[in-house]
């Protein structure tokens, strides 16, 4: 998994961390935050299913400059192409799972879609006029 427990020193460093074609899931936590400590293992478990499809940054607010979208901790921000797409206060399991699902597909052991999933190719999205 591409986790980075990082200290971001300034806006330029934050922008460099977001410079990837992958969706970037940025979790803001704070030392001594019980909700953060309780939620991070669940978040990490969910994130591990999307290995290679996302970049995850876990930032401690005590060591990171303030971000205007972070009004509480834990807070999840989702970026793609350096654009903030989603802000989720808290790390509720179902909410985090749904968020990952919006931006990725779970990795499968066999390389095939999980049961019940359909593999959609450009051809399968076109209506048949034959």
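In full-length UniProt numbering, the protein residues as written are 1 to 130. Just so you know, even glycine gets a beta-carbon here, dropped at the ideal spot from N, CA and C.
With a threshold of 8 Å on Cβ separation, who are the neighbours of residue i within its own chain once the five nearest residues in sequence on each side are excluded?
i	result
residue 109	For residue 109, the pLDDT reaches just 46, beneath the cut-off of 50, and the residue's location in the model is therefore unreliable, although a value from the coordinates is still provided. Excluding positions up to five away in sequence, the list is empty.
residue 20	55
residue 24	17, 18, 54, 55, 56, 57, 78, 79 and 80
residue 46	93, 96, 97 and 100
Which residues in the same chain as residue i place their Cβ atom closer than 6 Å to its Cβ, once the five residues preceding and following it in sequence are excluded?
i	result
residue 42	93
residue 86	78
residue 89	72 and 75
residue 26	57 and 77
residue 50	100 and 104
Opposite residue i in the DSSP bridges: which residues?
i	result
residue 80	83
residue 96	None; residue 96 has no bridge partner.
residue 60	29
residue 88	76
residue 55	24
Please return the same chain residues whose Cβ sits closer than 7 Å to the Cβ of residue i, not counting the five positions on each side in sequence.
i	result
residue 84	69 and 77
residue 14	8
residue 31	60 and 62
For residue i, decide whether its Cβ has a neighbour in chain D, counting only Cβ atoms nearer than 8 Å.
i	result
residue 100	Annotation note: the requested chain D is absent from the structure, which comprises a single protein chain.
Are at least three pairs of beta-carbons, each pair with one atom in the stretch 6 to 19 and one in the stretch 38 to 54, less than 8 Å apart? They do not touch, by the three-pair rule.
Indicate whether the contact test is met: 3 or more Cβ pairs, each with one atom in the stretch 61 to 73 and one in the stretch 94 to 102, closer than 8 Å. Per the Cβ contact rule, the stretch 61 to 73 is not in contact with the stretch 94 to 102 (fewer than 3 Cβ pairs under 8 Å).
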